[in-house]
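Peer 1: Under the UniProt record's numbering, the letters of the sequence shown match residues 1 to 762, in that order.
The C-beta atom is built at its ideal place from N, Cα and C for all residues, glycine as well.
Once you've had a glance at the structure underneath, I'll fire off some questions.
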Amino acid sequence: MAFHFKDNPAPKEQVLDDGTKVIRTCAWSPPGCHAVGCGIRLFVKDGELVKVEGDPDHQLTQGRLCPRCLALKEAVYHPDRILYPMKRAREDRGLDKWERISWDEATELIVEKTEEIRANYGSEAICVYMGTGREAVRYGFTLSSKVLRTPNNCYAQSGWSCMGPRQTAMTMMLGSAYIELDFNGGSLDVWDDPEWTRPDYVFCLGKEPLKSNPDGLWGHALIEIMKRGSKLIMVDPRVNWLATRADQVLQIIPGTDGALCLAILNVLINEDLVDHDFIDKWCYGFDELAERVQEYTPEFAAETCGISADEIRVCARKLGYDGQHHWSLLMGVAVDQNPNGCQVTQCLIAMAAITGNLDVPGGTVVGVQMQFEMTGATDFMSDELKNKCIGWDTYPIVKVLLNTTHPDITLEALETGRPYELKMAWLDSTNLLSPTCSAQPKRWHDALMKMEFTVAKEMFMTPTVMALADVVLPLATWAEHDGIVMTNQGCQMGIAGAINKGLQVGECKSDLEMLIHFGNAFYEKAYGEEYPFKSVEEYLTDDVGKMDTTWEELSEKVVATNDIGGYHKHERGLIRADGQPGFQTTTGRVELWSTGYQSLGDDPLPYYFPPKLGAEARPDLAKEYPLMCTTGARYFASFHSEHRQIPSLRQLTPEPYLEIHPETAEKLGIKTGDEVTIENPWGSAHEIAKVTPIVRKDVVGAAHGWWYPEEDGEEPNLYGVWKSNVNSLIPHRVLGKMGFGAPYKQVPVKVYRTPNEERVLG
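Now the structure itself:
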C-alpha cells in the first residue's frame with residue numbers, strides 16, 4: 001500500500017495577524033461520526049477554540065462540513081462536559097454522587113480492581129463493550145486483548161447488526177475487505193481523474209449516505225457523481241430526500257430485500273444480461289445460482305415486497321450487462337438489521353459479479369485486506385483463553401471472522417452466569433442503554449448492574465454511565481488529540497488523514513492516549529513487562545510506518561490518498577495473500593456458491609425467508625400489531641445517541657418523531673404533533689407524530705438514539721432514556737441461522753395517541 005500527497009499542500013499550521021492559530025486536521029470522534037476524515041481548520045487563540053471551518057485543501061471534502069462538525073465548539077465547552085476522572089461507591093450506582101479524583105488515583109484503582117477480579121475469576125470475567133463508528137473501535141481490540149488480556153470484546157447490538165452480516169458475506173464470497181461505491185476516493189484528483197469512470201447507475205439499498213457518512217464513505221461523494229451523470233436507484237421503505245432525486249425508487253416492505261434481490265438475479269440470468277467472460281474466468285457456482293433463482297420470479301417478489309413485477313424488471317434491465325455501461329453498489333446497515341441480511345449481501349455481491357461490475361471503473365471497488373500484523377494481535381493469548389470468548393461455541397462464524405463475543409449470548413451469560421460469570425465491564429465509549437445498540441435495554445441494564453466493577457470513558461454523563469459506572473474517565477474530542485483516520489474502516493480504500501491536536505481541555509485524554517496510559521500501567525504494575533509504546537507519537541510512528549510513510553509526514557501534510565492497486569486487482573494478484581490471481585477464497589473465485597457457508601452449516605446459496613415477525617410468518621401478531629416499524633434513519637443533527645445536549649443541533653431535531661402515512665394517521669385519529677405510543681409484545685416507546693407521505697401506509701418510521709440530557713439523570717429516570725427507547729420494541733435473539741441480523745427495521749407494532757394521563761413528553 002502506498003500513500004500519495006498533494007504537491008505543496010497548505011501548511012499544517014498558520015498564525016494570523018491577531019495571533020490566532022489555524023490548524024489543519026481531520027475529524028473522527030468524539031463527538032461521533034464514522035471514519036470519514038473530513039478536512040477541518042481549527043481556529044485557536046490563546047489556547048481556546050474560536051471557530052471551526054471546512055478545509056478547502058482537503059481533496060475530497062473540499063471545505064464542506066455537516067452541522068455536527070460546525071457545532072464542535074458547543075461540545076468542547078459545554079457546561080456538562082466531563083473534564084476529569086471521577087469515582088463513586090458501588091452502592092451509589094444510578095446516583096449523582098461522583099467524586100473528582102486524579103488520574104493517578106483512577107489508574108491505581110482500575111489496575112487494582114482488575115487484578116483482583118482476574119485473580120478471583122480469571123481474565124475471561126472481564127468484558128469490554130464497544131460502540132459503533134467511534135474512534136474507540138480502532139483501539140478497542142488492543143485494549144481488551146493486549147492490555148486487559150481478556151478474550152471478551154462485545155458489540156452489544158443484537159445479531160451483530162452493524163457490518164457483521166455484510167462483512168461476513170464479503171469474506172465468504174470474495175475474501176476481501178469492504179467493497180464500496182466507486183467514488184474514486186483513492187485518487188488525488190478524485191472526480192477529475194481521467195482514469196476514473198463514473199457509474200452509469202448507483203444501486204443503493206439500506207443506506208442514506210448524506211446523513212450518516214456510513215462505513216467511512218463521505219456521503220456527499222454520491223451527490224458529486226450524480227452531478228456528473230450517475231443515476232440513482234434507491235431501495236427504501238421511506239422516500240427520503242435522496243430518493244426524490246433518484247431515477248427509480250423501489251419502496252418495498254421492510255425485511256423483503258432478499259426477495260427483491262433474488263428476483264433481480266432471476267431477470268438478469270433468464271434474460272442473459274450477464275458477463276459470461278467474467279463468470280467463466282472468475283465465478284464459482286453460477287449454474288447452481290441460476291437454478292436457485294428460478295423460484296424467485298418477479299411476480300413472487302412483487303407480491304412479497306409490495307411493489308410491481310414491472311418495477312423489478314425495469315430495475316434489473318438497468319443493471320444488466322451490455323459491455324458498455326457499469327453500475328456501483330451502495331449497501332448499508334439496513335442490510336445487517338435483518339435476519340436475512342447475510343443472504344441479501346450474497347445476492348448483492350452476486351448481482352455485481354455476474355454483470356461484470358466488480359473492481360472495474362464505474363463499478364464496485366473491492367477492498368484489500370491488510371496483510372501486515374495490526375498492533376494488538378492476540379498471539380500471546382493462549383488458545384484455551386481465546387476459546388472462552390462468549391458465543392463462539394454457539395455461533396462459530398463469529399470466531400472465524402469477527403473475534404468478538406456474540407452479543408445475544410453475552411446478555412444471556414450476564415443474566416445466567418453460563419458458561420461463566422462476568423464480573424467487570426469496561427464501557428469503551430458506548431451508550432448502550434440508549435436506543436442505538438442493545439435490544440431489550442432494560443435487560444442489559446439489570447444484568448450489567450450486577451458487575452463488581454465497571455469503568456467507562458465518555459465526554460458527557462450518559463444514561464449508561466450514570467446507571468452503571470464506578471469510575472468514569474474524561475474523553476477528549478478529535479480537536480484535542482493526535483491520531484489517524486482511514487476511510488472505509490481502514491480497508492485501504494480512500495483517504496488517510498492526520499488528526500492533529502489543536503487544544504487541551506481539562507484533563508481529557510483520547511482513546512489512544514488512554515490505551516497507551518493503561519497499557520503502560522498494567523504492564524508495569526500487573527504483568528512486570530515493558531509495554532511497547534510510551535507515547536502517542538511512538539504508537540503513531542509505528543502504526544503509520546506500516547503504511548509506507550511516516551507520522552511526521554502525514555501530520556504535516558494532513559491528508560493523503562490510499563492507493564490499493566487500482567482496478568482489476570484480482571487479475572494482478574493483489575487480493576490474494578499468496579500474490580496469485582483470483583480472490584481470497586477456497587476456490588480462488590467469487591463464490592456464488594459459498595464453500596465457507598457450507599462448511600459452517602448454512603446453505604451455500606442465497607435464499608429468502610419472510611420477516612420473522614411479519615404478517616406472513618406471524619399472522620397471530622399481525623392482527624393486533626398491524627404496522628411494520630422501521631427505525632435507525634439518520635439525522636444531520638446527531639450521530640445515534642450523541643449530540644442531544646448541543647443547543648444548535650437539538651434545535652434542528654428537538655424531539656423524536658414517528659413518521660406515519662396520512663391515510664394511516666387519519667384512521668387512527670392522529671395528527672402531526674400528537675404524542676403517540678408505539679407498542680408491541682416486547683415493549684413500548686413514546687414519540688411525536690409526524691404525518692408524512694414518505695412512508696408506506698403499512699409502515700411507520702421511528703426515531704432512534706433518544707434520551708433527554710436536560711432531565712433528571714438519576715435512577716430511575718436516567719435522563720428519560722426509557723420513554724422513547726425504540727429498542728425496547730426489539731426482541732432478543734431473533735436472528736438468522738448464523739447468529740446475525742436482528743429485526744431492528746421490521747418489528748410489528750400498533751400506534752395510538754398517548755392518553756392524557758400517560759403522556760410523558762413535553
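Could you tell me which of Arg443, Ser123 and Trp327 sits nearest to methionine 226, measuring between CA atoms?
Peer 2: If you compare the alpha carbons of Arg443, Ser123 and Trp327 with that of methionine 226, the shortest gap goes to Trp327.
Peer 1: Here's a check: name, in chain order, each residue in its chain whose Cβ is nearer than 6 Å to the Cβ of valine 267, leaving out the five neighbours to either side.
Peer 2: Excluding residues within five positions, the ones whose Cβ falls inside 6 Å are Arg313 and Ala316.
Peer 1: Tell me where the beta strand (DSSP E) around glutamate 714 begins and ends.
Peer 2: Where glutamate 714 is concerned, there is no enclosing beta strand (DSSP E), given that its DSSP letter is neither H nor E.
Peer 1: For methionine 514, which residues of its own chain have a beta-carbon under 7 Å away from its beta-carbon, when the five flanking residues on both sides are left out?
Peer 2: Lys457 and Leu473
Peer 1: Who are cysteine 154's beta bridge partners in DSSP?
Peer 2: Tyr129
Peer 1: Buried or exposed: where does tryptophan 444 fall if 16 or more other Cβ atoms within 10 Å of its Cβ makes it buried?
Peer 2: A residue is called buried once 16 or more other Cβ atoms fall within 10 Å of its Cβ, and tryptophan 444 is buried on that count.
Peer 1: Could you tell me the alpha carbon to alpha carbon distance between asparagine 500 and valine 368, rounded to whole angstroms?
Peer 2: 27 Å
Peer 1: Can you tell me which of the three DSSP states glycine 362 falls into?
Peer 2: Glycine 362 falls in the coil class under three-state DSSP.
Peer 1: Hey, how far is the Cα of lysine 388 from the Cα of phenylalanine 740?
Peer 2: 20 Å
Peer 1: On the three-state DSSP scale, how would you describe tyrosine 539?
Peer 2: helix
Peer 1: Which stretch, first to last residue, makes up the alpha helix (DSSP H) that contains tyrosine 121?
Peer 2: 103-121
Peer 1: For the alpha helix (DSSP H) containing valine 344, list its first residue and its last residue.
Peer 2: Looking at the DSSP string, the run of the alpha helix (DSSP H) that includes valine 344 is 341-354.
Peer 1: Distance check for glycine 54 and cysteine 38, CA to CA, integer angstroms please.
Peer 2: 8 Å
Peer 1: What are the boundary residues of the beta strand (DSSP E) that includes proline 748?
Peer 2: 747-753
Peer 1: Since glutamine 59 and valine 559 are thought to touch, with beta carbons under 8 Å apart, how far apart are those beta carbons, to the nearest angstrom?
Peer 2: 7 Å
Peer 1: Assign valine 760 to buried or exposed, taking buried as 16 or more other Cβ atoms, counted over all protein chains shown, within 10 Å of its Cβ.
Peer 2: Result: exposed.
Peer 1: Is it buried or exposed for residue 825, if we count other Cβ within 10 angstroms and need 16 for buried?
Peer 2: Nothing can be reported for residue 825: it is not among the residues displayed for the chain, which extend from 1 to 762.
Peer 1: Along the chain, which unbroken stretches of the beta strand (DSSP E) at least 3 residues long are found entirely within the region 461-548?
Peer 2: 471-474, 483-486 and 494-499
Peer 1: Evaluate the contact criterion for the region 700-709 versus the region 394-413: three or more CB pairs, one atom per stretch, below 8 Å.
Peer 2: no
Peer 1: Pairing CB atoms from the region 159-171 with CB atoms from the region 60-72, are three or more of them under 8 Å?
Peer 2: no
Peer 1: Run through the region 400-443 for me and flag every whole beta strand (DSSP E) of 3 or more residues, listed as ranges in chain order.
Peer 2: 424-428
Peer 1: Are there 16 or more other CB atoms within 10 angstroms of the CB of aspartate 336, so buried, or fewer, so exposed?
Peer 2: buried
Peer 1: Which full runs of the alpha helix (DSSP H) of 4+ residues lie inside the region 588-626, going along the chain?
Peer 2: 595-599 and 619-624
Peer 1: Taking 8 Å as the threshold, find out whether the region 330-346 comes into contact with the region 294-306 through three or more Cβ pairs.
Peer 2: no
Peer 1: Does the beta-carbon of threonine 464 have 16 or more other beta-carbons within 10 angstroms, so that it is buried, or is it exposed?
Peer 2: Under this definition threonine 464 is a buried residue.
Peer 1: Thinking just about the alpha-carbon of each residue, which of Glu537, Ala353 and Tyr607 is nearest to the one in aspartate 277?
Peer 2: Ala353
Peer 1: Between the C-alpha atoms of aspartate 470 and glycine 417, what's the straight-line distance to the nearest angstrom?
Peer 2: 21 Å
Peer 1: Can you name, in chain order, every residue of its own chain whose Cβ lies under 8 Å from the Cβ of leucine 600, other than the five neighbours on each side?
Peer 2: Pro396, Ile397, Val400 and Met738
Peer 1: Exposed or buried, what is glutamine 492 when buried is set at 16 or more other beta-carbons lying within 10 Å of its beta-carbon?
Peer 2: Unreliable placement is indicated for glutamine 492, whose pLDDT of 47 sits below 50; the coordinate value is still reported in the next sentence. Under this definition glutamine 492 is a buried residue.
Peer 1: With DSSP as the reference, identify every bridge partner of serine 308, one or two as the case may be.
Peer 2: According to DSSP, serine 308 bridges with nothing at all.
Peer 1: Do proline 693 and proline 662 have their C-beta atoms closer together than 8 Å?
Peer 2: yes
Peer 1: Does the separation of the CB atoms of aspartate 215 and isoleucine 233 fall below 8 Å?
Peer 2: Between aspartate 215 and isoleucine 233, the C-beta gap is not smaller than 8 Å, which leaves the two residues out of contact.
Peer 1: For aspartate 275, count neighbouring Cβ atoms within 10 angstroms of its own Cβ and tell me buried if that reaches 16, exposed if not.
Peer 2: It is buried - the Cβ of aspartate 275 has at least 16 other Cβ atoms within 10 Å.
Peer 1: Three-state secondary structure (DSSP) at serine 638?
Peer 2: If DSSP states are grouped into helix, strand and coil, serine 638 belongs with the strands.
Peer 1: Does threonine 244 pass the burial test, meaning 16 or more other C-beta atoms within 10 Å, or should it be called exposed?
Peer 2: exposed
Peer 1: I need the boundaries of the alpha helix (DSSP H) containing residue 824, first residue and last residue.
Peer 2: There is simply no residue 824 to check, as the chain begins at 1 and stops at 762 in what is shown.
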